[in-house]
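Student: Counting in this note's numbering, the sequence shown runs from 24 upward without gaps.
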Amino acid sequence: MSTDSLFNSIDSIEFYVGSAKQWAYFHEKALGFRVVGYSGPETGIRDRISYLMEQGEVRMIFTGFLSRTSEISRHVELHGDGVKDVAIDVNNLEDTLSFIKENGIAKSGNAKKIKGENGSLARAELSTFGETVHSLRDYSEWDSNLPPGFTEIESPENNLGVKKVDHVVGNVEENKMDPWVNYYVKGLGFNQLMSFDDKDISTKYSALKSKVVEYGGRKIIFPINEPALGLKKSQIQEYLDYYETSGVQHIALATDNIIETVRKMRNNGIRFLETPGTYYDELDERVGRIDEDLDVLKKLNILVDRDDDGYLLQIFTQPIGDRPTFFYEVIQRKGATSFGKGNFKALFESIEREQEKRGNL
Ligand code: FE2
Numbered sequence: 024m025s026t027d028s029l030f031n032s033i034d035s036i037e038f039y040v041g042s043a044k045q046w047a048y049f050h051e052k053a054l055g056f057r058v059v060g061y062s063g064p065e066t067g068i069r070d071r072i073s074y075l076m077e078q079g080e081v082r083m084i085f086t087g088f089l090s091r092t093s094e095i096s097r098h099v100e101l102h103g104d105g106v107k108d109v110a111i112d113v114n115n116l117e118d119t120l121s122f123i124k125e126n127g128i129a130k131s132g133n134a135k136k137i138k139g140e141n142g143s144l145a146r147a148e149l150s151t152f153g154e155t156v157h158s159l160r161d162y163s164e165w166d167s168n169l170p171p172g173f174t175e176i177e178s179p180e181n182n183l184g185v186k187k188v189d190h191v192v193g194n195v196e197e198n199k200m201d202p203w204v205n206y207y208v209k210g211l212g213f214n215q216l217m218s219f220d221d222k223d224i225s226t227k228y229s230a231l232k233s234k235v236v237e238y239g240g241r242k243i244i245f246p247i248n249e250p251a252l253g254l255k256k257s258q259i260q261e262y263l264d265y266y267e268t269s270g271v272q273h274i275a276l277a278t279d280n281i282i283e284t285v286r287k288m289r290n291n292g293i294r295f296l297e298t299p300g301t302y303y304d305e306l307d308e309r310v311g312r313i314d315e316d317l318d319v320l321k322k323l324n325i326l327v328d329r330d331d332d333g334y335l336l337q338i339f340t341q342p343i344g345d346r347p348t349f350f351y352e353v354i355q356r357k358g359a360t361s362f363g364k365g366n367f368k369a370l371f372e373s374i375e376r377e378q379e380k381r382g383n384l
């Protein structure tokens with residue numbers, strides 16, 4: 024069995040939130056997603072409400088609770104709104120589970136078959152950092168776009184140009200980055216792509232370390248961050264304090280036209296991190312010639328970085344929920360296949376300015 028064909032792609036990302044309806048409304052009105060499925064008491068699911076939303080290939084599920092004794096209620100009380108499940112579509116669940124078990128590093132539950140009108144969906148749960156899980160889903164005997172328990176919702180196309188998930192970033196505790204990289208590389212057959220140490224990613228005050236793992240020719244990319252010692256509190260530590268454990272820090276949404284996507288999101292009220300005007304003064308020197316108009320990028324606060332293969336444009340939102348934990352990135356790759364060091368620093372300086380406003384730096 025070849026280890027590079029166990030996992031296909033990110034299937035969907037499920038959040039546990041205080042109000043699924045509000046999260047769905049926000050993603051519809053501000054971020055260009057549309058509701059395609061609903062699950063709740065009306066569909067025979069008694070303890071929760073879920074909205075399945077789509078944009079391009081991106082699928083998000085927002086799940087809220089109907090009772091204070093529910094597991095979702097406990098999760099939201101402890102962590103705030105956040106990502107519970109980064110679900111992965113697998114070719115053959117049995118092969119994947121036997122690979123994981125033979126390795127003995129990653130921990131997975133047993134395969135369960137959920138039967139419904141549309142066939143049978145095989146799934147198993149794999150735990151990862153904090154309380155986050157990867158549910159592994161094998162759709163080979165399932166004949167529907169909707170997961171079991173969901174009913175179809177008709178809603179108009181609402182796209183802002185988001186095509187797919189580029190990467191999903193995890194924040195883990197100090198000295199836990201390497202064990203988690205090992206978990207993905209040795210335990211699940213991922214490859215390590217690159218690493219940044221605290222010398223690469225430090226500002227005057229705080230620092231962090233980051234390593235990136237990928238699967239299947241970058242079909243799945245998971246960067247993993249840990250806090251590092253600085254003069255003041257690392258922003259990764261601020262995340263860990265508010266989330267009360269490790270968890271997903273951000274999801275990067277890929278677009279083919281970041282200027283249009285960001286312009287529309289801004290018009291819809293999405294707030295992005297601010298970049299000082301001086302960032303653009305040295306941009307020419309740092310990244311060389313690019314297709315986009317620098318003044319437009321500056322006006323929209325879009326960052327640019329370069330690697331050996333090309334360049335990329337990216338921008339980060341303010342936290343989406345109440346706690347300063349989860350946020351989105353919007354990214355457009357123009358040749359670049361990895362991440363540049365320059366923007367890492369610019370991002371951390373912007374987060375630091377926000378952190379200082381919250382009195383946590
Ligand atoms: Fe990112």
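Glycine residues also receive a C-beta, built at the ideal position from the N, C-alpha and C atoms.
Computed from a predicted structure; not experimentally measured.
Would the beta-carbon of glutamate 352 be found less than 6 Å away from any heavy atom of the ligand FE2?
Tutor: Along the sequence shown, read from residue 1 onward, the residue named residue 352 stands at position 329. Yes.
Student: Can you have a look at lysine 107 and say buried or exposed, based on whether 16 or more other CB atoms are within 10 angstroms of its CB?
Tutor: In the sequence shown, residue 107 corresponds to position 84, counting from 1. Buried: at least 16 other Cβ atoms inside 10 Å.
Student: With distances taken from CA atoms, which of Arg346, Leu159, Lys368 and Tyr334 is nearest isoleucine 354?
Tutor: Locating residue 354 in the sequence shown gives position 331, counting from the first residue. For the residues Arg346, Leu159, Lys368 and Tyr334, the minimum Cα distance to isoleucine 354 belongs to Tyr334.
Student: Once the 5 residues before and after aspartate 345 are set aside, which same chain residues still bring their CB inside 8 Å of it?
Tutor: As a working mapping, residue 345 is identified with position 322 in the sequence shown. Closer than 8 Å at Cβ, skipping near neighbours: Gly103 and Asp104.
Student: Taking the CB atoms as reference points, tell me whether glutamate 154 and threonine 86 lie closer together than 7 Å.
Tutor: Taking the sequence shown and counting its residues from 1, one reaches residue 154 at position 131. Taking the sequence shown and counting its residues from 1, one reaches residue 86 at position 63. Result no, Cβ atoms of glutamate 154 and threonine 86 do not sit closer than 7 Å.
Student: Counting only C-beta atoms, is phenylalanine 339 closer than 7 Å to chain B at any point?
Tutor: Among the chains of the structure shown, chain B does not appear; only one protein chain is present.
Student: Does the Cβ of alanine 275 lie closer than 6 Å to at least one heavy atom of the ligand FE2?
Tutor: Along the sequence shown, one-based indexing puts residue 275 at 252. Yes, the beta carbon of alanine 275 sits closer than 6 Å to at least one heavy atom of the ligand FE2.
Student: Measure the alpha-carbon distance for serine 32 versus isoleucine 243 and round it to whole angstroms.
Tutor: Here residue 32 refers to the residue found at position 9 of the sequence shown. Here residue 243 refers to the residue found at position 220 of the sequence shown. Going by the C-alpha atoms only, they are around 6 Å apart.
Student: Take the Cβ of asparagine 290 as the centre, count every other Cβ of all protein chains shown within 10 Å, and call the residue buried at 16 or more, exposed below.
Tutor: Along the sequence shown, one-based indexing puts residue 290 at 267. Exposed: under 16 other Cβ atoms inside 10 Å.
Student: List the residues that DSSP assigns as beta-bridge partners of asparagine 214.
Tutor: Mapped onto the sequence shown, residue 214 falls at position 191. Beta-bridge pairing links asparagine 214 to Glu237.
Student: Using CA atoms only, rank isn't needed, just tell me which of Leu120, Glu125, Gly127 and Asp201 is closest to lysine 135.
Tutor: Position 112 of the sequence shown, counting from 1, holds the residue named residue 135. Per the Cα distances, Leu120.
Student: Spatial neighbours of valine 156 within its chain, please: C-beta separation below 6 Å, excluding the five flanking residues on both sides.
Tutor: Taking the first residue of the sequence shown as 1, we reach residue 156 at position 133. Excluding residues within five positions, the ones whose Cβ falls inside 6 Å are Asp108, Glu148 and Ser150.
Student: Name the two residues that bound the continuous alpha helix (DSSP H) containing tyrosine 265.
Tutor: Looking up residue 265 in the sequence shown gives position 242. That run of the alpha helix (DSSP H) goes 258 to 266.
Student: Which value, in whole angstroms, describes the spacing of the CA atoms of serine 131 and proline 202?
Tutor: Here the question's residue 131 lines up with position 108 in the sequence shown. Here the question's residue 202 lines up with position 179 in the sequence shown. Their backbone Cα atoms lie some 17 Å apart in a straight line.
Student: Please name the residue, chosen from His98, Pro171, Leu211 and Ser163, that lies closest to glycine 389 on a Cα-to-Cα basis.
Tutor: Look at the range of the chain in this structure, 24 to 384, and you will see that residue 389 is not part of it.
Student: Just grab the DSSP bridge partners of methionine 76 for me.
Tutor: By one-based count along the sequence shown, residue 76 stands at place 53. DSSP output for methionine 76 lists Val58 and Met83 as bridge partner(s).
Student: With distances taken Cα to Cα, identify the nearest neighbour of leucine 159 among Asp34, Asp220, Ser62 and Glu308.
Tutor: On the sequence shown, position 136 is the one that residue 159 refers to. Ranking the options by Cα distance to leucine 159, first place goes to Asp34.
Student: Can you give me the C-alpha to C-alpha distance between glycine 229 and glutamate 352, rounded to a whole angstrom?
Tutor: On the sequence shown, position 206 is the one that residue 229 refers to. On the sequence shown, position 329 is the one that residue 352 refers to. The sequence given here places serine at residue 229; glycine does not occur at that position. Going by the C-alpha atoms only, they are around 21 Å apart.
Student: Locate the beta strand (DSSP E) running through tyrosine 39, then write down its first and last residues.
Tutor: Numbered from its first residue, the sequence shown carries residue 39 at position 16. Start and end: 30 to 39.
Student: State the Cα-Cα distance for the pair proline 342 and serine 62, rounded to the nearest angstrom.
Tutor: Taking the sequence shown and counting its residues from 1, the one referred to as residue 342 is at position 319. Taking the sequence shown and counting its residues from 1, the one referred to as residue 62 is at position 39. Cα to Cα, proline 342 sits roughly 26 Å from serine 62.
Student: Could you spell out where the alpha helix (DSSP H) holding valine 319 opens and where it closes?
Tutor: Residue mapping note: residue 319 aligns to position 296 of the sequence shown, counting from 1. Taken as a continuous stretch (DSSP letters only), the alpha helix (DSSP H) holding valine 319 covers 317 to 323.
Student: Please state the DSSP three-state secondary structure of lysine 199.
Tutor: Position 176 of the sequence shown, counting from 1, holds the residue named residue 199. Three-state DSSP puts lysine 199 in coil, outside helix and strand.
Student: Which residue marks the beginning of the beta strand (DSSP E) containing serine 143, and which one marks its end?
Tutor: Numbered from its first residue, the sequence shown carries residue 143 at position 120. Where serine 143 is concerned, the enclosing beta strand (DSSP E) stretches over 142 to 150.
Student: My parser needs the alpha helix (DSSP H) runs of 4 or more residues fully inside the segment 110 to 185; what are they?
Tutor: You should have 116 to 126.
Student: Residues in its own chain within less than 6 Å of methionine 217 by CB, not counting five upstream and five downstream?
Tutor: Along the sequence shown, read from residue 1 onward, the residue named residue 217 stands at position 194. Answer for methionine 217: Val235 and Ser361, listed in chain order.
Student: Please report the distance separating the alpha-carbon of glycine 358 from that of histidine 190.
Tutor: As a working mapping, residue 358 is identified with position 335 in the sequence shown. As a working mapping, residue 190 is identified with position 167 in the sequence shown. Going from the Cα of glycine 358 to the Cα of histidine 190 covers about 16 Å.
Student: For my contact list, lysine 368 and threonine 278 are in at a C-beta cut-off of 8 Å; report their separation, rounded to the angstrom.
Tutor: The count along the sequence shown starts at 1 and reaches residue 368 at position 345. The count along the sequence shown starts at 1 and reaches residue 278 at position 255. Actually they are not in contact, since the Cβ atoms of lysine 368 and threonine 278 sit about 23 Å apart, beyond 8 Å.
Student: Excluding the 5 residues preceding and the 5 following glutamate 77 in the sequence, name in chain order all residues of the same chain whose CB lies nearer than 7 Å to its CB.
Tutor: Translated into positions along the sequence shown, residue 77 becomes position 54. Excluding positions up to five away in sequence, the list reads Phe56, Arg57 and Val59.
Student: Please name the residue, chosen from Phe152, Leu252, Asp264 and Ser96, that lies closest to aspartate 70 on a Cα-to-Cα basis.
Tutor: Taking the first residue of the sequence shown as position 1, residue 70 is located at position 47. Checking every option, the nearest Cα to that of aspartate 70 belongs to Ser96.
Student: Can you name the start and end residues of the alpha helix (DSSP H) that isoleucine 68 belongs to?
Tutor: Numbered from its first residue, the sequence shown carries residue 68 at position 45. That residue, isoleucine 68, is in no alpha helix (DSSP H); it is neither H nor E in DSSP.
Student: What span of residues does the beta strand (DSSP E) with glycine 270 cover, start to end?
Tutor: On the sequence shown, residue 270 is found 247 positions in, with the first residue counted as 1. First-last of the beta strand (DSSP E) with glycine 270: 270 to 278.
Student: Hey, how far is the Cα of glutamate 305 from the Cα of isoleucine 338?
Tutor: Position 282 of the sequence shown holds residue 305. Position 315 of the sequence shown holds residue 338. Straight-line Cα distance between these residues: approximately 18 Å.
Student: Compare the Cα-Cα distances from arginine 381 to each of Gly184, Thr348, Ser163 and Ile111 and report the closest residue.
Tutor: Mapped onto the sequence shown, residue 381 falls at position 358. Of the listed residues, the one whose Cα sits closest to arginine 381 is Thr348.
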